[in-house]
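Since the structure comes first, as structure tokens, the remarks are kept for the end.
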Amino acid sequence: MATQAFQKIYTRITNITKATCMLHATGVGNDELATIDGKLAQVVRINHDEVTLQVFAGTEGIPTNAEVIFLGEAPALKVSDQLAGRFFNAYGDPIDGGPQLEGEDVEIGGPSVNPVRRDQPSELIATGIAGIDLNNTLVTGQKIPFFADPDQPFNEVMALVALRAESDKIILGGMGLTNDDYLYYKKTFSNAGALDRIVSFINTTEDPSVERLLIPDMALSAAEYFAVQKHEKVLVLLTDMTNYADALSIVSNRMDQIPSKDSMPGSLYSDLAKIYEKAVQFPDGGSITIIAVTTLSGGDITHAVPDNTGYITEGQLYLRRDSSIGKVIVDPFRSLSRLKQLVIGKKTREDHPQVMNAGVRLYADAANAQTKLENGFDLTDYDQRTLDFAKDYANDLLAIDVNLNTTEMLDHAWSLFAKYFTPAEVSIRQSLVDKYWPTDSKVDKA
């Protein structure tokens, strides 16, 4: 990058760590970009005239007399309709071999929307995955994490959501993806012919880990462009927020900050909230909905990252492998969408709330029957029927590979109820039973 007039240039670095450099400088702003020996860096702390910069590519090879050039601007993204269908790195540069973007430069990492300018979320956003849409229905403007173990197919789930979700634009922010995962997303989107509505910002394991800190802000800046200026319904998919938090930890530890729980920075809650609070429903119809994968270390939900995430978001989704069917399902017991009551039975069919509750209750009865079986107790006829129901329920409605619209999934739930139970055992309001109980059922509705 060529040096321009009026740029501040320094040549004395006082301290160098693995990820940061420190020097004395004046007239520098927070988040301002700089180059250090040709490597891009960003101001992360200012204490009087002592400035700390995080170097995205790492500090290896940087001498103490390296040339430090402050660029006078914060990280920015060129926004325009040309974003659609493209893959970018953490700096917003194309990595798909396509042309450079043309558009307006917008600084990333801006403030979230003032609450008085928000509308209450009230529109359904169907993901195309029955395990979510049936029991944990999402609403536009909602923020929700996907908790999963590292060995679970969460990237495949995110790709399915990107292809099936009923939204105008999908923004993917990938942090710490393997090259295989990156190519999987690219191939999947291309083969499905869905690239025209998907924008991807990618950081792989071969890229510097600190660059991951830019990915969410880049993705959300693109989302804000389409939601605010184009009034579109935008779904932002972020994966994996644990990798993002690890990058935060690297920088904070190198700045000699006192670590908090699990070696995470004390600012972790604020850092995560800054991202999740960008979810919003605008009065003019545009919206930003955020689904973010958080991988669990050894299934530990008490780790600092999922623990802080749970205080910020409006529910959570869990993946679990169901041994009875050999598939990964959306766990109905540990998953929760706190805003689903705003749309189920209102934006979906009238029987949705009662069908959802009945299905989960019968699935819970099956779990109790399984416990009885494992402890050597005799099973009743009802117990055996709940076990048979649970297998079909998991395979046909909870598995992540099931793609049904809301009407189809409700109809199928009714058919499973009629197959294994009487209306009295299902305990759904009689008027709904009269209307939706399958007519070919051998069980009397009354």
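This note's numbering puts the first residue of the sequence shown at 1333, with every later residue one more than the last. We treat Cβ as the ideally placed atom computed from N, Cα and C, and that holds for glycine. Quick caveat: nothing in here was measured; it's all calculated off a predicted structure.
Count the other C-beta atoms from every protein chain shown that fall within 10 angstroms of the C-beta of Gln-1484, then say buried if there are 16 or more, exposed otherwise.
Walking along the sequence shown from the start, residue 1484 turns up at place 152. Gln-1484 is classed as buried because its beta carbon has at least 16 other beta carbons within 10 Å across all chains shown.
Buried or exposed: which applies to His-1635, given that a residue is buried once 16 or more other Cβ atoms fall within 10 Å of its Cβ?
For the purposes of this step, residue 1635 is taken as residue 303 along the sequence shown, with counting starting at 1. That one is buried.
I think Ile-1760 touches Gln-1686, with their Cβ atoms under 8 Å apart; what is that distance to the nearest whole Å?
In the sequence shown, counting from the first residue as 1, residue 1760 sits at position 428. In the sequence shown, counting from the first residue as 1, residue 1686 sits at position 354. Approximately 5 Å separates the beta-carbon atoms of Ile-1760 and Gln-1686; this is inside 8 Å, confirming the contact.
If you check the beta carbons only, do Asn-1640 and Leu-1604 fall under 8 Å apart?
Position 308 of the sequence shown, counting from 1, holds the residue named residue 1640. Position 272 of the sequence shown, counting from 1, holds the residue named residue 1604. The Cβ atoms of Asn-1640 and Leu-1604 sit closer than 8 Å to each other.
So does the segment 1518-1538 actually touch the segment 1645-1661, counting three or more Cβ pairs closer than 8 Å?
No: the two stretches stay apart, fewer than three of their Cβ pairs being nearer than 8 Å.
Ala-1334 versus Leu-1409 - alpha carbon distance:
To locate residue 1334, count along the sequence shown from 1; it is residue 2. To locate residue 1409, count along the sequence shown from 1; it is residue 77. Because the pLDDT at Ala-1334 is just 47, under 50, the model does not fix this residue reliably, and the point stays unresolved.
Whole angstroms are fine: how far does the CA of Leu-1567 sit from the CA of Lys-1672?
Counted from its first residue, the sequence shown places residue 1672 at position 340. Counted from its first residue, the sequence shown places residue 1567 at position 235. Inter-residue distance for Lys-1672 and Leu-1567 is about 17 Å (C-alpha atoms, whole angstroms).
Starting from Phe-1721 and walking both ways along the alpha helix (DSSP H), at which residues does that stretch end?
Locating residue 1721 in the sequence shown gives position 389, counting from the first residue. From DSSP, the alpha helix (DSSP H) with Phe-1721 extends over 1713-1725.
What are the uninterrupted segments assigned as beta strand (DSSP E) that are 3 or more residues long and contained completely in the segment 1398-1475, given in chain order?
As for any beta strand (DSSP E) of minimum length 3 sitting wholly inside the segment 1398-1475, the runs are 1400-1402, 1408-1411 and 1436-1439, ordered along the chain.
Just to confirm the assignment, what range does the alpha helix (DSSP H) spanning Asn-1737 have?
Here residue 1737 refers to the residue found at position 405 of the sequence shown. No alpha helix (DSSP H) holds Asn-1737; DSSP gives it neither H nor E.
For Leu-1628, which of helix, strand or coil comes out of DSSP?
Stepping through the sequence shown from its first residue, residue 1628 is reached at position 296. When secondary structure is reduced to three states using DSSP, Leu-1628 falls in the coil class, being assigned neither helix nor strand.
Rounding to the nearest angstrom, what Cα-Cα distance links Thr-1571 and Gly-1505 in this structure?
For the purposes of this step, residue 1571 is taken as residue 239 along the sequence shown, with counting starting at 1. For the purposes of this step, residue 1505 is taken as residue 173 along the sequence shown, with counting starting at 1. Rounded to whole angstroms, the gap between the alpha carbons of Thr-1571 and Gly-1505 is 6 Å.
Among the candidates Ser-1522, Leu-1705, Gly-1617 and Gly-1618, whose CA atom is the shortest distance from the CA of Gly-1417?
As a working mapping, residue 1417 is identified with position 85 in the sequence shown. Cα-wise, what sits closest to Gly-1417 is Ser-1522.
The beta strand (DSSP E) spanning Leu-1649 covers which residue range?
Indexing the sequence shown from 1 puts residue 1649 at position 317. If you look at Leu-1649, you'll find it in the beta strand (DSSP E) that goes 1647-1654.
Answer yes if the segment 1439-1458 comes into contact with the segment 1716-1725, meaning at least three C-beta pairs across the two stretches below 8 Å, and no otherwise.
The segment 1716-1725 makes no contact with the segment 1439-1458, as fewer than three CB pairs between them are under 8 Å.
When Ala-1458, Glu-1392 and Leu-1694 are compared against Glu-1740, the one with the closest alpha-carbon:
Taking the sequence shown and counting its residues from 1, the one referred to as residue 1740 is at position 408. Nearest of Ala-1458, Glu-1392 and Leu-1694 to Glu-1740, Cα basis: Ala-1458.
Could you tell me if Ala-1351 is buried or exposed, where buried requires 16 or more neighbouring beta carbons within 10 angstroms of its beta carbon?
Position 19 of the sequence shown, counted from the start, is the residue given in the question as residue 1351. Buried, by the Cβ-count rule.
Pull up the distance between the alpha-carbon of Lys-1562 and that of Ser-1619, whole angstroms please.
As a working mapping, residue 1562 is identified with position 230 in the sequence shown. As a working mapping, residue 1619 is identified with position 287 in the sequence shown. Lys-1562 and Ser-1619: Cα-Cα distance of roughly 10 Å.
When you compare the segment 1432-1444 with the segment 1373-1388, are there three or more beta-carbon pairs, one atom per stretch, that lie closer than 8 Å?
They do not touch, by the three-pair rule.
Around the Cβ of Ile-1345, are there at least 16 other Cβ atoms within 10 angstroms (buried) or fewer (exposed)?
Looking up residue 1345 in the sequence shown gives position 13. Ile-1345 counts as buried, since at least 16 other C-beta atoms from the protein chains shown sit within 10 angstroms of its C-beta.
Quick check on the burial criterion: 16 or more other C-beta atoms within 10 angstroms. Buried or exposed for Arg-1449?
If you number the sequence shown from 1, residue 1449 lands on position 117. Around the beta carbon of Arg-1449, fewer than 16 other beta carbons lie within 10 angstroms, which makes this residue exposed.
Anyone know if the C-beta pair for Phe-1614 and Val-1560 falls short of 8 Å?
Looking up residue 1614 in the sequence shown gives position 282. Looking up residue 1560 in the sequence shown gives position 228. Result yes, Cβ atoms of Phe-1614 and Val-1560 sit closer than 8 Å.
Please report the residue range of the beta strand (DSSP E) in which Glu-1706 lies.
Position 374 of the sequence shown, counting from 1, holds the residue named residue 1706. Glu-1706 -> not in any beta strand (DSSP E); alpha helix (DSSP H) instead, spanning 1684-1706.
Residue closest to Ala-1731, alpha-carbon to alpha-carbon, out of Asn-1467, Ser-1763, Ala-1699 and Tyr-1714:
Within the sequence shown, the letter at position 399 stands for residue 1731. The option with the nearest alpha carbon to Ala-1731 is Asn-1467.
Applying the 10 Å Cβ sphere with the 16-neighbour rule, what's the burial state of Pro-1482?
Here the question's residue 1482 lines up with position 150 in the sequence shown. Label assigned to Pro-1482: exposed.
Which parts of the segment 1589-1631 are runs of the alpha helix (DSSP H), unbroken and 4 residues or longer, counting only runs that do not cross its ends?
Complete alpha helix (DSSP H) runs here, min 4: 1600-1608.
Cβ pair count under 8 Å reaching 3, the segment 1486-1504 against the segment 1514-1521
Of all C-beta pairs linking the segment 1486-1504 to the segment 1514-1521, three or more are shorter than 8 Å, placing the two stretches in contact.
Please work out which residues of its chain come closer than 8 Å, Cβ to Cβ, to Pro-1426, disregarding the five sequence neighbours upstream and downstream, and give them in chain order.
Translated into positions along the sequence shown, residue 1426 becomes position 94. Counting only Cβ-Cβ distances below 8 Å, and skipping sequence neighbours, we find Arg-1418, Phe-1419, Phe-1420, Gln-1432 and Leu-1433.
Identify every residue that forms a DSSP beta bridge with Gln-1386.
In the sequence shown, residue 1386 corresponds to position 54, counting from 1. Answer is Thr-1352 and Gln-1374, bridged to Gln-1386.
Own chain, CB closer than 6 Å to Ser-1592, minus 5 neighbours either side, in chain order
Looking up residue 1592 in the sequence shown gives position 260. Hits under 6 Å: Gly-1598.
Going straight from the alpha carbon of Val-1383 to that of Asp-1594, what length do you get?
As a first step, residue 1383 must be located in the sequence shown, where it is residue number 51. As a first step, residue 1594 must be located in the sequence shown, where it is residue number 262. In a straight line, the C-alpha of Val-1383 is about 27 Å away from that of Asp-1594.
Lys-1767 (DSSP reduced to helix, strand or coil)
Residue 1767 sits at position 435 when you count from the first residue of the sequence shown. It is helical.
For a quick check, are the C-beta atoms of Ser-1499 and Lys-1565 less than 8 Å apart?
Against the sequence shown, residue 1499 aligns to sequence position 167. Against the sequence shown, residue 1565 aligns to sequence position 233. Going by C-beta atoms, Ser-1499 is nearer than 8 Å to Lys-1565.
Give the DSSP-derived three-state secondary structure of Pro-1755 in the structure shown.
For the purposes of this step, residue 1755 is taken as residue 423 along the sequence shown, with counting starting at 1. Pro-1755 falls in the helix class under three-state DSSP.
With DSSP run on the structure shown, which of helix, strand or coil describes Gly-1506?
Taking the first residue of the sequence shown as position 1, residue 1506 is located at position 174. In the structure shown, the three-state DSSP call for Gly-1506 is strand.
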